[in-house]
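*Asks:* If you're matching them up, the sequences are chains A and B in order. When we follow the working numbering, the leftmost residue of the first sequence carries the number 1, and every step to the right adds one. When we follow the working numbering, the leftmost residue of the second sequence carries the number 1001, and every step to the right adds one. Every residue, glycine too, gets a C-beta built ideally from N, C-alpha and C. Everything numeric in this text was worked out from a predicted model, so none of it was measured.
There are 2 protein chains.
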Amino acid sequence: MDIKVENVVASASSGAELDLKRISMELEGAEYVPEKFPGLIYKIKDPKTAMLLFTSGKLVCTGAKSVEMVNEVIFRVMGQLRELGIDVLEKPDVKIQNIVATTDLKTELNLNSIAITLGLERVEYEPEQFPGLVYRVAEPKVVALLFGSGKIVCTGAKVIPDIDLALQQIKKELSEAGLL
Amino acid sequence: MDIKVENVVASASSGAELDLKRISMELEGAEYVPEKFPGLIYKIKDPKTAMLLFTSGKLVCTGAKSVEMVNEVIFRVMGQLRELGIDVLEKPDVKIQNIVATTDLKTELNLNSIAITLGLERVEYEPEQFPGLVYRVAEPKVVALLFGSGKIVCTGAKVIPDIDLALQQIKKELSEAGLL
DNA sequence: GAATGATTTAATAAATTATTTATATAGTGT
DNA sequence: ACACTATATAAATAATTTATTAAATCATTC
C-alpha cells in the first residue's frame, strides 16, 4: 500500500504573546487583516507552507508534506521571530492535528454499489454534489474519500500508522463485500 | 419553409501551439486577458465574426452566416498567423459545432395552448421569465424557441438539413394537434 | 418615449474556481 | 452553541468565463 502524505497540519504555542500588527510590518510577506481573520497569515514559499500566528502566541502550520517538515518550518519561524527580538521558545511543543494522505487502489471502484452495499449509515455519496464517496472509519477515527478511479484521500489522522490501519480496514471491508 | 442561418459556430485545430501573448501584440484588434479568459479574442469586422484562439492551437469561430463563411474566416486567420511566422496549417479541418437559424410560420401561435397540449415534459414555457417557448426535438437533437408571433429560432444543429427536419417535425406536431 | 440591457437556447475552446473531508487557531455574528 | 472568517491538501466533478445569434418581453436609463 503506497501512501503519500499530502498535507500535515500542526499547532503549537510560541510561549509569548504576539504583537501581530508589528510582526506583519517586519515579516516580509505576512498578511494581517484582523477584521477579516484574527490570525496573521504568513505564507512560506519553500517549502510551500503557511503559518497562522495568533495574539495569544498560539500558531498553526499547514501545507507540510511530513511531520519532520512541520517541525522544521515552525522552528524556523520561531527563529525569525526571535530575530525580531520577540522572546518566543526556540523549539515549542508541536502537536500534529491532522494528516492528509492519498493512495491508489489501482482498480476502479463502483461507488454506487459501495453506497448501496454499505448503506447510507456507513457512507455518504451524493455524486451530483461531490464525486467522492465519504467513508468514515470509527477506529482509528479518520475519514476517507473514495473515488471511482480507485484513488483515495484519507484525512483526520493524527499519526501516520493510523492512515495505514484505516486504509487496511477499508480494503478489507470492500474486499469481503466483493466490491473490489 | 424559408430558413435563415443567423450564426455558425465551428472549432478547429491550427496544428501548432500558439503564443497568445505574442499574437495579441502583433494581431491588430486581438484581446488577451488570460486572468479573465484563457483564450485570445479576435473580433473581425468583415464579415462580423469572432475567433477564439487557445494556447493548445485549438480555435473557435463564431458569428458566421454560413458554413462557407466559417471556413473562409478560419483560413484567412490561418494566413495571418502564417504571416507572423507561426507554422499553422493553411487549411485545418473545420468542424461545425452549432448552427443557429430562424424561420417564420407566418401565423400567430398560442404558446399557452401549445404548452398545455404538449405538456411540460415536452416543452418549457415561462413567459414571465422569457417570452419564448422552449421546444426540444429528440432526433435530430436540436432546440427550437417558439414565439407568439410565429417566429422560430432553431439551435443545436450541426448540419443544415437537420434544421429543416426539426422544423418540419414541429410544424407537423402543431398541425396535428390543431395548434396552427 | 426611445434606447439599451438582461432574459433563453446551443456549441466549442481552456483556465479557474467551487464542491467535500479533517484540523488547530480566534474573532464576529446569530 | 453554532456558523463563518482563513490556511493547506488530495481526489473528480460541475460551473463559470468569452464569443456569437435570432426571437420578444421585461426592467432600467436619458
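Among A:Glu28, A:Val8, A:Ala177, whose alpha-carbon lies nearest the alpha-carbon of Val77 (chain A)?
*Replies:* Ranking the options by Cα distance to Val77 (chain A), first place goes to A:Glu28.
*Asks:* Identify which residue in A:Lys4, A:Leu133, A:Pro47 has its Cα closest to the Cα of Met69 (chain A).
*Replies:* Ranking the options by Cα distance to Met69 (chain A), first place goes to A:Pro47.
*Asks:* Would you mind giving the Cβ-Cβ distance between Ile99 (chain A) and Val5 (chain A), rounded to the nearest angstrom? I have them listed as a contact below 8 Å.
*Replies:* About 6 Å; that satisfies the 8 Å criterion.
*Asks:* Could you check the C-alpha separation between Val60 (chain A) and Glu17 (chain A) for me, to the nearest Å?
*Replies:* About 15 Å.
*Asks:* Just tell me which of B:Ser1066, B:Met1051, B:Thr1155 has its CA closest to the CA of Leu1081 (chain B).
*Replies:* Checking every option, the nearest Cα to that of Leu1081 (chain B) belongs to B:Met1051.
*Asks:* Taking C-alpha atoms, which residue in A:Leu120, A:Glu128, A:Lys151 lies nearest to Ala102 (chain A)?
*Replies:* A quick correction: the sequence has Thr, not Ala, at residue 102 (chain A). Comparing Cα positions, the closest option is A:Lys151.
*Asks:* With a cut-off of 8 Å on the beta carbons, I'd call Thr1062 (chain B) and Asn1110 (chain B) a contact; round off their distance for me.
*Replies:* At roughly 34 Å, the Cβ-Cβ gap does not stay under 8 Å, so Thr1062 (chain B) and Asn1110 (chain B) are not in contact.
*Asks:* Name the DSSP beta bridge partners of Lys1021 (chain B), please?
*Replies:* In the DSSP output, where bridge partners are listed per residue, Lys1021 (chain B) has none listed.
*Asks:* Is it buried or exposed for Ile1163 (chain B), if we count other Cβ within 10 angstroms and need 16 for buried?
*Replies:* So Ile1163 (chain B) counts as buried.
*Asks:* Is Lys171 (chain A) helix, strand or coil by DSSP?
*Replies:* Of the three classes helix, strand and coil, the one that applies to Lys171 (chain A) here is helix, per DSSP.
*Asks:* Pop quiz: Ala12 (chain A) and Val94 (chain A) are said to be a contact at Cβ under 8 Å. What is the actual Cβ separation, rounded to whole angstroms?
*Replies:* Confirmed, Cβ separation roughly 5 Å.
*Asks:* Sort out for me which residues DSSP pairs Asp104 (chain A) with in a bridge.
*Replies:* In DSSP, Asp104 (chain A) forms a bridge with A:Lys151.
*Asks:* Between B:Thr1155, B:Ile1044, B:Leu1040, which lies nearest to Phe1054 (chain B) when the distance is taken from Cα to Cα?
*Replies:* Nearest of B:Thr1155, B:Ile1044, B:Leu1040 to Phe1054 (chain B), Cα basis: B:Leu1040.
*Asks:* Pull the bridge partners of Tyr1135 (chain B) from the DSSP assignment, please.
*Replies:* B:Val1123, B:Ala1144.
*Asks:* Along the chain, where does the alpha helix (DSSP H) that runs through Ser113 (chain A) open and close?
*Replies:* Element bounds for Ser113 (chain A): 111–118.
*Asks:* Considering only their Cβ atoms, is the gap separating Asp1019 (chain B) from Asp1104 (chain B) smaller than 9 Å?
*Replies:* No, they are not a contact pair.
*Asks:* Out of curiosity, what's the CA-to-CA distance linking Ile160 (chain A) and Pro1038 (chain B)?
*Replies:* Distance between the alpha carbons of Ile160 (chain A) and Pro1038 (chain B): 40 Å.
*Asks:* How about Ala10 (chain A) and Ile96 (chain A): do their beta carbons lie closer than 9 Å?
*Replies:* In contact: Ala10 (chain A) and Ile96 (chain A) (Cβ atoms closer than 9 Å).
*Asks:* Which residue marks the beginning of the alpha helix (DSSP H) containing Gly1063 (chain B), and which one marks its end?
*Replies:* Segment 1058–1064 is the beta strand (DSSP E) holding Gly1063 (chain B); no alpha helix (DSSP H) there.
*Asks:* With respect to the alpha helix (DSSP H) encompassing Glu1068 (chain B), which residues constitute its N-terminal and C-terminal limits?
*Replies:* First-last of the alpha helix (DSSP H) with Glu1068 (chain B): 1067–1083.
*Asks:* Can you tell me the Cα-Cα spacing of Val1142 (chain B) and Pro1092 (chain B), whole angstroms?
*Replies:* Between Val1142 (chain B) and Pro1092 (chain B), the C-alpha separation is close to 27 Å.
*Asks:* Can you list, in chain order, the residues of its chain whose CB lies under 7 Å from that of Arg1136 (chain B), leaving out five sequence neighbours each side?
*Replies:* Only Val1143 meet the Cβ criterion.
*Asks:* Should Asn71 (chain A) go down as buried or exposed, given a rule of 16 or more other Cβ atoms within 10 Å for buried?
*Replies:* Its Cβ being crowded by 16 or more others within 10 Å, Asn71 (chain A) is buried.
*Asks:* Can you give the beta carbon distance from Ile114 (chain A) to Leu133 (chain A), rounded, assuming they're within the 8 Å contact cut?
*Replies:* The pair is a contact, with the Cβ atoms about 6 Å apart (cut-off 8 Å).
*Asks:* Going by beta-carbon coordinates alone, are Glu31 (chain A) and Lys43 (chain A) separated by less than 9 Å?
*Replies:* Against a cut-off of 9 Å, the Cβ pair of Lys43 (chain A) and Glu31 (chain A) comes out as a contact.
*Asks:* When burial is assigned at 16 or more other CB atoms within 10 Å of the CB, is Ser149 (chain A) buried or exposed?
*Replies:* With fewer than 16 other Cβ atoms within 10 Å, it is exposed.
*Asks:* Could you check where the beta strand (DSSP E) with Ala12 (chain A) kicks off and where it finishes?
*Replies:* Here the beta strand (DSSP E) through Ala12 (chain A) covers 4–13.
*Asks:* In the DSSP assignment, find the beta strand (DSSP E) that holds Lys43 (chain A) and state where it starts and stops.
*Replies:* Start and end: 40–44.
*Asks:* What three-state label does DSSP hand Glu1026 (chain B) in the structure shown?
*Replies:* Residue state, collapsed to three classes: helix.
*Asks:* Nearest-angstrom Cα distance between Gly79 (chain A) and Thr49 (chain A)?
*Replies:* Those two C-alpha atoms are separated by around 16 Å.
*Asks:* Short check: CB of Cys154 (chain A) to CB of Leu174 (chain A), under 9 Å?
*Replies:* Not a contact, by the Cβ cut-off of 9 Å.
*Asks:* Per DSSP, what are the beta-bridge partners of Ala1157 (chain B) in this structure?
*Replies:* Answer is B:Ile1099.
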